[in-house]
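All remarks here apply to the structure that follows.
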Amino acid sequence: EITKEQQALMKVIVDAYNKHQIPQDVTKKLLQEQYSVEENFLLLTEMATNQVQVLVEFTKTIPGFLSLDHEDQIALLKGSAVEAMFLRSAQVFSTKMPNGHTEVLEERIRKSGMSEEFMTPMFNFYKSIGSLHMVQEEQALLTAITILTPDRPYVKDQQAVERLQEPMLDVLRKLCVLQHPKKPQYFAQLLGRLTELRTLNHYHAEMLTSWRMN
Amino acid sequence: PGNSIGLEAIIRKALMGKYHD
Chain S
2 EITKEQQALM KVIVDAYNKH QIPQDVTKKL LQEQYSVEEN FLLLTEMATN QVQVLVEFTK
62 TIPGFLSLDH EDQIALLKGS AVEAMFLRSA QVFSTKMPNG HTEVLEERIR KSGMSEEFMT
122 PMFNFYKSIG SLHMVQEEQA LLTAITILTP DRPYVKDQQA VERLQEPMLD VLRKLCVLQH
182 PKKPQYFAQL LGRLTELRTL NHYHAEMLTS WRMN
Chain C
37 PGNSIGLEAI IRKALMGKYH D
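Chains as they are written, first to last, in this note's numbering: chain S, 2 to 215; chain C, 37 to 57.
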């Protein structure tokens with residue numbers, strides 16, 4: 002059973018997640034006419050900057066986050082930004098969009114100069130997230146849990162971060178049982194995706210280097 | 037690219053509520 006306090010926590014997270022999204026005028030640009038590889042690169046990097054700003058705004062609303070040590074706040078955001086961005090992007094590929102928009106986006110990313118060896122695991126991740134059919138609450142909580150990972154580099158007070166992450170994990174676990182009563186492994190599967198995310202994060206620096214070189 | 041600023045700089049500015057510097 003989800004307690005009233007847990008419901009309130011979930012509402013704060015979901016409302017913030019929905020409120021802080023990339024502005025539509027930016028996302029619309031992705032669906033416009035043909036671009037060159039260079040323009041795709043510029044557009045995607047502009048979106049990445051936007052995504053980080055949106056991510057920070059979302060994170061500020063996580064109860065207790067702003068009371069953490071300021072440098073720890075930065076360490077958490079720095080350590081999780083890439084993973085949170087992949088999670089958010091995965092949502093685009095797991096939602097049915099009109100008029101083949103998903104295909105247009107995939108094509109644009111594939112033609113942005115990034116190496117195939119990095120592209121394949123990324124799209125595989127998007128598909129594996131898509132196959133889970135997460136509800137909005139799960140998506141928002143999973144993002145918050147990713148950000149509040151205590152063992153990111155340079156985090157000094159890991160226990161303080163754990164104290165914020167644990168209630169989120171507890172709500173998510175309960176939500177999974179309620180939402181997917183026939184899938185007892187669902188919560189474990191969600192956490193498994195976080196491990197996959199860490200792998201993507203690990204290769205991200207190499208990915209960027211190859212992208213710049215190309 | 038062009039006006040490349042690092043991830044940390046974007047985060048610090050966003051935490052202070054400064055977006056368009």
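By construction, the Cβ of each residue, glycine as well, lies at the ideal position given by its N, Cα and C atoms.
Every unbroken alpha helix (DSSP H) within the stretch 106-180 of chain S, with a cutoff of 4 residues, ordered by chain: 117-131, 137-148 and 159-180
Could you name the residues of chain C that S:LEU191 contacts, counting a contact when the two beta carbons are closer than 8 angstroms?
-> As a working note, residue 191 of chain S is residue 190 in the first sequence. Going along chain C, no residue has its Cβ under 8 angstroms from S:LEU191, so there is no contact; the nearest lies around 26 angstroms.
**Report entry** For S:HIS71, three-class secondary structure by DSSP
**Finding:** Counting from 1 along the first sequence, the entry for residue 71 of chain S is found at position 70. When DSSP states are grouped into helix, strand and coil, S:HIS71 belongs to the helix group.
>> Just to confirm, is the Cβ distance from S:ILE3 to S:LYS175 under 8 angstroms?
In response: Counting from one through the first sequence, the residue named residue 3 of chain S turns up at place 2. Counting from one through the first sequence, the residue named residue 175 of chain S turns up at place 174. A contact, by the Cβ cut-off of 8 angstroms.
Inset, instruction - Return the chain-ordered list of same chain residues with a C-beta closer than 8 angstroms to the C-beta of S:LEU32, the five sequence neighbours on each side being excluded. - result: If you number the first sequence from 1, residue 32 of chain S lands on position 31. Taken in chain order, the residues that qualify are HIS102, VAL105 and LEU106.
Length of the line joining the Cα atoms of S:THR210 and S:GLN25: In the first sequence, residue 210 of chain S corresponds to position 209, counting from 1. In the first sequence, residue 25 of chain S corresponds to position 24, counting from 1. Annotation: S:THR210 to S:GLN25 spans about 29 angstroms, alpha carbon to alpha carbon.
Determine the extent of the alpha helix (DSSP H) in which S:LEU56 is found, giving its start and end residues. The count along the first sequence starts at 1 and reaches residue 56 of chain S at position 55. Per DSSP, S:LEU56 belongs to the alpha helix (DSSP H) from 38-61.
Original post:
Among the residues of its own chain, which have a CB less than 8 angstroms from the CB of S:GLN22, if the five just before and after it don't count?
Top reply: In the first sequence, the residue the question calls residue 22 of chain S occupies position 21. Same-chain partners within the cutoff: VAL55.
- [ ] Quick one: using the 10 Å Cβ neighbour count with 16 as the cut-off for buried, is S:ARG194 buried or exposed?
- [x] Here residue 194 of chain S refers to the residue found at position 193 of the first sequence. With 16 or more other Cβ atoms within 10 Å, it is buried.
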